[in-house]
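Take a look at the structure below.
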Amino acid sequence: MCGFDGYFGDVRHGRALLERMTAAIAHRGPDEHGVFTAKGIGLGHARLSIVGLGDGQQPMSDQSGTLTIAFNGEIFNYVELREQLRAKGRRFRTSSDTEVILHLYDEMGEDCVSLLNGDFAFAIYDGRRRQLMLARDRMGVRPLFYVRHGGALYFASEVKALLEVPGVEAELDPRALDQIFTLWAPIAPRTAFRDIYELEPASLMIVKDGGATTTRSYWSLTYPDRDAPPRYTDEREAAEQLRALLTEATRLRMRADVPVGSYLSGGLDSSVISALAAPMAPEGLRTFSVTFDSAEHDESAFQNEMAQALGTRHSTVNCGDGDIAAVFPEVIRFTERPILRTAPAPLYKLSGLVRQQGLKVVLTGEGADEVFAGYDIFKESRVRRFCGRQPGSRIRPHLFRKLYPYLPGLQQQSAEYLASFFGAGNVPLDDPLFSHRPRLNGTAATKLFFSAELREQLAGFDAAEELASRLPAAFARWHPLHQAQYLEARFLLPGYILSSQGDRMAMAHGIEGRFPFLDHGLVEFAASLPPEMKLKGLVEKHILREATKDILPRAIGRRTKQPYRAPDSQSFVGRNAADYVEAAMGEQQLRAGGLFDPRAVSKLHQKCSARPTGGFRDNAAFVGILSTQLWLQSFTGARRRQSDAA
Numbered sequence: 000m001c002g003f004d005g006y007f008g009d010v011r012h013g014r015a016l017l018e019r020m021t022a023a024i025a026h027r028g029p030d031e032h033g034v035f036t037a038k039g040i041g042l043g044h045a046r047l048s049i050v051g052l053g054d055g056q057q058p059m060s061d062q063s064g065t066l067t068i069a070f071n072g073e074i075f076n077y078v079e080l081r082e083q084l085r086a087k088g089r090r091f092r093t094s095s096d097t098e099v100i101l102h103l104y105d106e107m108g109e110d111c112v113s114l115l116n117g118d119f120a121f122a123i124y125d126g127r128r129r130q131l132m133l134a135r136d137r138m139g140v141r142p143l144f145y146v147r148h149g150g151a152l153y154f155a156s157e158v159k160a161l162l163e164v165p166g167v168e169a170e171l172d173p174r175a176l177d178q179i180f181t182l183w184a185p186i187a188p189r190t191a192f193r194d195i196y197e198l199e200p201a202s203l204m205i206v207k208d209g210g211a212t213t214t215r216s217y218w219s220l221t222y223p224d225r226d227a228p229p230r231y232t233d234e235r236e237a238a239e240q241l242r243a244l245l246t247e248a249t250r251l252r253m254r255a256d257v258p259v260g261s262y263l264s265g266g267l268d269s270s271v272i273s274a275l276a277a278p279m280a281p282e283g284l285r286t287f288s289v290t291f292d293s294a295e296h297d298e299s300a301f302q303n304e305m306a307q308a309l310g311t312r313h314s315t316v317n318c319g320d321g322d323i324a325a326v327f328p329e330v331i332r333f334t335e336r337p338i339l340r341t342a343p344a345p346l347y348k349l350s351g352l353v354r355q356q357g358l359k360v361v362l363t364g365e366g367a368d369e370v371f372a373g374y375d376i377f378k379e380s381r382v383r384r385f386c387g388r389q390p391g392s393r394i395r396p397h398l399f400r401k402l403y404p405y406l407p408g409l410q411q412q413s414a415e416y417l418a419s420f421f422g423a424g425n426v427p428l429d430d431p432l433f434s435h436r437p438r439l440n441g442t443a444a445t446k447l448f449f450s451a452e453l454r455e456q457l458a459g460f461d462a463a464e465e466l467a468s469r470l471p472a473a474f475a476r477w478h479p480l481h482q483a484q485y486l487e488a489r490f491l492l493p494g495y496i497l498s499s500q501g502d503r504m505a506m507a508h509g510i511e512g513r514f515p516f517l518d519h520g521l522v523e524f525a526a527s528l529p530p531e532m533k534l535k536g537l538v539e540k541h542i543l544r545e546a547t548k549d550i551l552p553r554a555i556g557r558r559t560k561q562p563y564r565a566p567d568s569q570s571f572v573g574r575n576a577a578d579y580v581e582a583a584m585g586e587q588q589l590r591a592g593g594l595f596d597p598r599a600v601s602k603l604h605q606k607c608s609a610r611p612t613g614g615f616r617d618n619a620a621f622v623g624i625l626s627t628q629l630w631l632q633s634f635t636g637a638r639r640r641q642s643d644a645a
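With numbering that gives the first Met the number 0 as the guide, the letters of the sequence shown map in order to residues 0 to 645.
See the structure below:
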């Protein structure tokens, strides 16, 4: 697990540039740094040594010197691939998974990605063909960004490295901001930075000498047609196969030359992974949790119950009053994009705890909700369709109360309010975004705080419709639950969960997260299951519960999904108020940024200060505006000050 950067094309002072680019992402790989240059090509690497500790240095070239790779991530099936390659006569000089990719590319060319089971982004320079290959893993766990400038292509694991290229400046893309304030994340390849792009998940890019470029997808998430005969009809058989696949996915992700720990949130998903991993940890499993002073957000009772049941050595970091505000500017520097929630901040603190405890690798339960239909939005969509078929019913809207037992304010609302709030009957049943329309509309309400100038720039642009335009042709033939799952897994998962809450918060402290639920074989299996095995009535992740009920305490195995949340606007007001918040949300900086209406923001700030546990729109708007202002300060303000000083 590392960070890398590079260029392809004629670049002056290439080695010095690579050293600056690599230094900008040194937090991703604090163990070793390396640089490779040849005519028209340069690769830089910051290494976090996990596999092949003594011989996995990068950039790495093959024996002929014609192939060179810079690689970020892990290939979990590298042992099996290495044996297959040895059987073909291949000889290995190292024990690292990096060399396996080189040999596999030499055998298969760009099709080598089809055999890789892992979380990866890499660049391979092929000197024989005078071409560069960039590739990214199927689910979008590891990031890869690129920009074209001055006739050359520059690429890196984080945008910070690209901003070291002379002439590449940080400028906010207004459409990306609109997408963030609607969809929670830009739609790749768009990023928050104008003219800087992200290679999409499950994609590879081939760049020829001279600049000719082709980009293609090598894998896609797909589901069976709703009218097709189900592949699995025996629930017990499906549960047994799921258990075997998940156990193997966990075993592969325990492979490392250093100890592997596990995050433990107290929910079903991380508890399952920790329970499977514990017997595989030769020196006992280390588990890590974040706790909150706020009872609404704290899950420490469940965390402690699970840690005691497994007998793990358990460590926690507390997120108390003022902690989120204290780290939030750093969080935005690492997310490299505005965000609408503070949830990444406690995870930033958690990865810092793991680093302090001397570990480099942790397993997490991320992905289970997308793969096995665990989110409330899936249940909510089912109830909305139920209500939509009988819009006059006064009984059916009461079902919405069952979905959110952890939101006490919702329990007191009338049936009419609930039906209106969740849009029951207001969205056509054939809308491809039916499942997500209430969330999209609720989030888009935060754009009421956009300035008149920004609204003018965005005239005619519709973030939701752009999302709809990216859906595959087969989407309309899928079951409604599978449509909703696709929207989560293909867009929000890589765009926000695995990025802002995942890779960027962990790698800020040089920690690699591993995700057994995102093993692509497991993902494909889950996609083939009938919808009722995943969402049985209003019981989420039913098949996962059945497959793992014997390894969890009853209270954990039967626990209803409670989404991970953190205090939002209340983290920045009252006794948690910080000077930078007052400045960022003040009229002077708002007018300088030009993105938000100062008068409207002032009223929002006053409202959140008076009622810090307000509704979703106000909280999302507050955090979104603050994070955008911090983004501007971190990326455009700092660069401008450096330029003025020069």
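No residue lacks a Cβ here, since even glycine has one placed at the ideal position from N, Cα and C.
In this structure, the CA atom of L171 is about 40 Å from the CA atom of L534.
For K159 and S60, the gap between their C-alpha atoms comes out near 26 Å. With at least 16 other beta carbons inside 10 angstroms of its own, G623 counts as buried. Counting only runs of 4 or more residues that sit fully inside the segment 273-354, the alpha helix (DSSP H) segments are 299-309, 322-334, in chain order. Leaving aside the five residues that flank Y563 on each side, the residues in its chain whose CB is nearer than 7 Å to its CB run, in chain order, S264, A342. With fewer than three CB-CB distances shorter than 8 Å, the segment 36-43 does not count as touching the segment 465-483. Straight across, the Cα-Cα distance linking A577 with R513 is about 34 Å. Per DSSP, C607 is one residue of the alpha helix (DSSP H) stretching across 597-609.
With 16 or more other Cβ atoms from the protein chains shown falling within 10 Å of its own Cβ, A619 counts as buried. Assignment of V164 by DSSP, reduced to helix, strand and coil, places it in the coil class. Separation of H541 and T547 (C-alpha to C-alpha, rounded to the nearest whole angstrom) is 10 Å. Taking the Cα positions, Y145 is about 10 Å away from L133. With a cutoff of 8 Å on beta-carbon distance, D292 and D320 are scored as near each other.
Where Y485 is concerned, the enclosing alpha helix (DSSP H) starts and stops at 479-486. No Cβ-Cβ contact shorter than 8 Å links L346 with Q240. For D224, the closest alpha carbon among the candidates P566, T635, P529 is that of P529. A contact is defined here as three or more CB-CB pairs under 8 Å, and the segment 166-184 fails this definition with respect to the segment 215-233. Counting only runs that start and end inside the segment 202-237, the beta strand (DSSP E) elements of at least 3 residues fall at 202-207, 212-216. In this structure, S202 sits away from N71, with a CB-CB distance that is not shorter than 8 Å. A contact is defined here as three or more CB-CB pairs under 8 Å, and the segment 197-213 fails this definition with respect to the segment 456-476. Assigned with DSSP and collapsed to three states, E199 falls in coil, not helix or strand. Take the alpha-carbon of R384 and the one of Y262: they are about 36 Å apart.
For T67, the enclosing beta strand (DSSP E) has its first and last residue at 66-74.
A344 places its beta carbon 8 Å or farther from that of L309.
Here H32 has T21, A45 as same chain residues with Cβ atoms under 6 Å from its own Cβ, once five neighbours each way along the sequence are excluded. DSSP, read as helix, strand or coil, puts E31 in strand.
Where Y374 is concerned, there is no enclosing beta strand (DSSP E), because DSSP gives it neither an H nor an E. I624 carries a helical assignment under DSSP once its states are collapsed to helix, strand and coil.
Shown here for V78: same chain residues with a beta carbon closer than 8 Å to its own, the five before and five after excluded, namely R254 in chain order.
Check the Cα spacing between G55 and each of L17, G39, I100: the tightest is with I100. In this chain, the beta strand (DSSP E) harbouring D4 covers 1-7.
In the three-state scheme derived from DSSP, where H, G and I count as helix and E and B as strand, L171 is classed as strand. The three-state secondary structure of M584, taken from DSSP, is coil. Only buried fits D368, as 16 or more other CB atoms lie within 10 angstroms of its CB. The alpha-carbon separation between Y104 and T363 amounts to approximately 30 Å. Between K359 and L47, the CB-CB gap stays under 8 Å.
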